[in-house]
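**Q**
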Amino acid sequence: MRAQRVVVTGGAGFLGSHLCERFVARGAQVICMDNFLTGAPVNVEHLMGRPRFRLVECDLTGFVHVPGPVDLVMHFASAASPTDYLRHPIQTLKVGSLGTLHALGLAREKGARFVLASTSEVYGDPLQHPQTESYWGNVNPVGPRSVYDEAKRFSESLTTAYRATHGLNTAIVRIFNTYGPRMRPHDGRAIPTFIRQALAGEPLTVTGDGGQTRSISYVDDTVDGILALADSSLAGPVNIGNPAELSMLELACLVRDLTGSGSPIRFVDRPVDDPHVRRPDTTLAAAELGWRPRIGPEAGLRRTIEWFERELPEARSAS
Ligand code: NAD
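Under my numbering, the first residue of the sequence shown carries the number 4, and numbering increases by one thereafter.
#1: Check whether the Cβ atoms of R217 and L252 lie closer than 8 Å to each other.
#2: In the structure shown, what three-state DSSP assignment does G299 receive?
#3: Do three or more CB pairs link the segment 281 to 295 to the segment 223 to 243 at distances below 8 Å?
#4: Looking at T95: is its Cβ nearer than 8 Å to the Cβ of S158?
#5: Can you give, in chain order, each stretch of the beta strand (DSSP E) that sits fully within the segment 229 to 268 and has at least 3 residues?
#6: According to DSSP, what are the bridge partners of Q32?
#7: If you follow the beta strand (DSSP E) that L75 is part of, which residue opens it and which one closes it?
#8: What are the start and end residues of the alpha helix (DSSP H) that includes T285?
#9: Residue ranges of each alpha helix (DSSP H) run of no fewer than 4 residues wholly in the segment 116 to 183, ordered along the chain?
#10: Three or more C-beta pairs closer than 8 Å, one from the segment 146 to 164 and one from the segment 116 to 126: is that the case here?
#11: Spell out a yes or no on whether the segment 263 to 271 and the segment 196 to 209 are touching, meaning 3 or more CB-CB pairs, one atom from each, closer than 8 Å.
#12: Answer with buried or exposed for G201, where buried requires no fewer than 16 other C-beta atoms within 10 angstroms of its C-beta.
#13: May I have the straight-line CA-CA distance separating N141 from H189, to the nearest angstrom?
#14: Give the DSSP bridge partners of E60, in chain order.
#15: Among P283, G146, D260, which has the Cα closest to the Cα of I178?
#16: What does DSSP give as the partner residues of Y221 in its beta bridges?
#17: Please state if the CB of V27 and the CB of V11 are separated by a distance shorter than 8 Å.
#18: Where do the ends of the beta strand (DSSP E) carrying L207 lie?
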């Protein structure tokens with residue numbers, strides 16, 4: 004069922020802003036709540052004049068109030084890039100715990116469906132490949148990445164407890180690496196980093212020997228999957244991601260080719276607890292939601308590079 008009045012927490016971030024845009028385009032009223040820790044009003048500036056869209060500055064870890072009815076709460080607030088969550092470790096744990104508690108409380112008060120943005124990082128450095136939803140994961144609870152991974156694991160647990168205890172209509176989506184327009188060039192994630200470096204003619208910094216893999220999903224595909232889940236009654240957890248798996252070195256070379264850059268590759272230290280492999284098993288999403296990704300890495304990267312060139316012309320300086 005399509006929601007009429009939607010709260011999107013973290014709506015001024017990368018994924019949240021695409022969600023807000025799609026809900027407004029579908030005719031829903033959208034209340035976007037964000038404290039701008041890693042997002043910014045500019046991401047939803049184009050929606051600002053629309054009568055169906057409202058941006059509210061709000062820290063989800065504090066008091067949360069929304070007047071009037073709400074039939075869907077999309078809980079996307081959380082730093083998501085390693086650079087961001089390592090810079091804001093306590094805030095990341097707080098928004099995953101207290102923020103999720105408050106977002107669940109809001110959904111309960113309004114009788115709304117609740118969708119939690121979880122992550123493939125709950126699988127940690129996986130011992131099962133590809134990862135199915137039934138895999139429990141391999142996370143170091145005291146490693147540096149645990150501030151994000153464990154916050155998300157806790158938020159999944161809390162969501163499940165609200166469903167069991169209060170009968171709340173909940174869903175959990177485990178999102179795999181997603182990329183596209185509105186990523187920040189310095190957010191530290193591989194794709195914006197490679198694009199920025201390639202456009203500037205700087206060396207592309209590949210960690211380790213570049214053999215570790217990621218499966219990258221273009222934002223439009225990811226958002227289609229998330230909306231299909233929101234519209235359904237499925238509880239999940241459900242993986243949403245593109246099973247097209249690339250090594251980091253292959254990804255760097257692809258970005259370099261698509262930008263026409265002459266940048267060299269530079270190998271740098273691998274971060275602690277960096278997963279060796281990552282690939283979603285999307286059988287459940289295909290069977291239950293009829294969803295499958297449509298945009299391959301080359302087409303998606305072309306669109307993303309075009310956006311970086313258009314929006315950040317200063318990026319192409321030295322090349
Ligand atoms: P992002 O950093 O661009 O967006 C997160 C947003 O949450 C930002 O606008 C930030 O200001 C806001 N926020 C953070 N703490 C807050 C708080 N206490 N109160 C209110 N707002 C707060 O990141 P993103 O890539 O858009 O990720 C969005 C969500 O999707 C996150 O929950 C993330 O864990 C999840 N996710 C993203 C990916 C991905 O590949 N992009 C993969 C897996 C999961």
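Cβ coordinates follow ideal geometry from the N, Cα and C atoms, glycine included.
**A** Per the coordinate set shown:
#1: Here residue 217 refers to the residue found at position 214 when the sequence shown is read from its first residue. Here residue 252 refers to the residue found at position 249 when the sequence shown is read from its first residue. No, Cβ-Cβ distance for R217 and L252 is not below 8 Å.
#2: For the purposes of this step, residue 299 is identified with residue 296 of the sequence shown, where counting begins at 1. Looking at G299 - three-state DSSP - the assignment turns out to be coil, as it is neither helix nor strand.
#3: Touching, yes.
#4: Working through the sequence shown from its first residue, we reach residue 95 at position 92. Working through the sequence shown from its first residue, we reach residue 158 at position 155. Contact flag unset, no.
#5: Here the runs fully enclosed are 241 to 243, 248 to 250.
#6: Numbered from its first residue, the sequence shown carries residue 32 at position 29. Looking at the DSSP assignment, Q32 forms a beta bridge with R8.
#7: Mapped onto the sequence shown, residue 75 falls at position 72. L75 -> beta strand (DSSP E) spans 75 to 78.
#8: Numbered from 1 along the sequence shown, position 282 holds the residue referred to as residue 285. Here T285 belongs to no alpha helix (DSSP H), and DSSP marks it neither H nor E.
#9: Along the length of the segment 116 to 183, whole alpha helix (DSSP H) runs at least 4 residues long occupy 149 to 169, reported in chain order.
#10: yes
#11: yes
#12: In the sequence shown, counting from the first residue as 1, residue 201 sits at position 198. According to the sequence shown, residue 201 is Ala rather than Gly. Buried, since its Cβ has 16 or more Cβ neighbours within 10 Å.
#13: Taking the first residue of the sequence shown as 1, we reach residue 141 at position 138. Taking the first residue of the sequence shown as 1, we reach residue 189 at position 186. Distance between the alpha carbons of N141 and H189 is about 28 Å.
#14: On the sequence shown, residue 60 is found 57 positions in, with the first residue counted as 1. Bridge partners of E60: D37.
#15: Taking the first residue of the sequence shown as position 1, residue 178 is located at position 175. Residue P283 is the option with its Cα nearest to I178.
#16: As a first step, residue 221 is located in the sequence shown; it is residue number 218 there, counting from the start. Answer is Y182.
#17: Start at 1 with the first residue of the sequence shown, and residue 11 comes out as number 8. Start at 1 with the first residue of the sequence shown, and residue 27 comes out as number 24. No, the pair does not count as a contact, with Cβ atoms beyond the cut-off.
#18: Translated into the one-based positions of the sequence shown, residue 207 becomes position 204. It spans 207 to 210 - the beta strand (DSSP E) in which L207 sits, taken as one unbroken run.
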